[in-house]
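In our numbering, the protein residues as written are 4 to 227.
Let me begin by presenting the structure, written as structure tokens, before commenting on it.
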């Protein structure tokens, strides 16, 4: 039975309009994106098939073009549409952290850093540079590593902070393994960066480690 024959309260689009997007399951949200199903399978059925095939929503959304287009009912048009949607989401978050805005929401920073780093297949170290009043100057990726490590040079971070006239920084990096728990090496490099930047009166406010669905804050752990 097609979705148009379902009770109105069970149709994904109508459900979203009445209850909000947060009330929908992954399959229902994906069905709205897909719009139509395939022969013998509704859009929701197809969405469930794809989530099972890819192993969940995140692997589907982060699949490369070849893998994505191999999915039933998908193709270049859907891949382009998805990439545009994901980029709009990233730019929306970035616009809320625009230059000159003061940081007022730790949750927004967490979401923004997650959108920038979680999908990467390699380890990447980045920093959010702030002025002395904690207004945003710039977000920059600084170092790129392998699947399990990144070479981080405190001198280069301090050099960049000084060039931007930053008074504070928020550090961030991802763990491609998906496990956000900081390593001993993460704690050591954070201390080295804190010490190096402190020589120039630049404060390290936090260091976020981004994993798969979890983000660990050094400040919340009492490590900064």
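Cβ coordinates follow ideal geometry from the N, Cα and C atoms, glycine included.
Residue i - DSSP class collapsed to helix/strand/coil
i, result
"residue 1", "No information on residue 1 is available, as it lies outside the stretch 4 to 227 that the chain covers here."
"residue 144", "strand"
"residue 167", "coil"
"residue 67", "coil"
"residue 198", "helix"
"residue 106", "coil"
"residue 183", "coil"
"residue 155", "coil"
For residue i, the first and last residue of its enclosing beta strand (DSSP E)
i, result
"residue 35", "Unbroken run through residue 35 is the alpha helix (DSSP H), 29-37; no beta strand (DSSP E)."
"residue 77", "Where residue 77 is concerned, there is no enclosing beta strand (DSSP E), given that its DSSP letter is neither H nor E."
"residue 54", "Here residue 54 belongs to no beta strand (DSSP E); instead the alpha helix (DSSP H) covers 46-57."
"residue 41", "Residue 41 -> no beta strand (DSSP E), and no H or E assigned at all."
Bounding residues of the alpha helix (DSSP H) (the contiguous stretch that carries residue i)
i, result
"residue 21", "15-22"
"residue 223", "221-224"
Selected residue, minimal CA-CA separation from residue i, among the options
i, options, result
"residue 137", "195, 170, 123", "170"
"residue 205", "157, 54, 143, 182", "157"
"residue 176", "139, 48, 221, 140", "221"
"residue 193", "133, 173, 180", "173"
"residue 133", "63, 164, 126", "164"
"residue 69", "161, 82, 60", "82"
"residue 129", "123, 146, 140", "146"
"residue 125", "106, 148, 46", "148"
"residue 197", "188, 168, 178, 227", "227"
"residue 199", "161, 191, 182", "161"
"residue 214", "188, 17, 183, 207", "183"
"residue 231", "195, 168, 50", "Any property of residue 231 remains undetermined from this structure, which presents the chain solely from 4 to 227."
"residue 180", "21, 120, 17, 84", "120"
Residue i burial status per 10 Å Cβ neighbour count (16 or more: buried)
i, result
"residue 211", "buried"
"residue 58", "exposed"
"residue 209", "buried"
"residue 189", "buried"
"residue 166", "exposed"
"residue 31", "buried"
Cβ of residue i within 8 Å of any chain D Cβ
i, result
"residue 173", "Looking for chain D here will not work: only one protein chain is present."
With a cut-off of 8 Å, do at least 3 Cβ pairs link the segment 36-51 to the segment 62-77? yes
So, do the segment 107-115 and the segment 89-98 have three or more beta carbon pairs nearer to each other than 8 Å? yes
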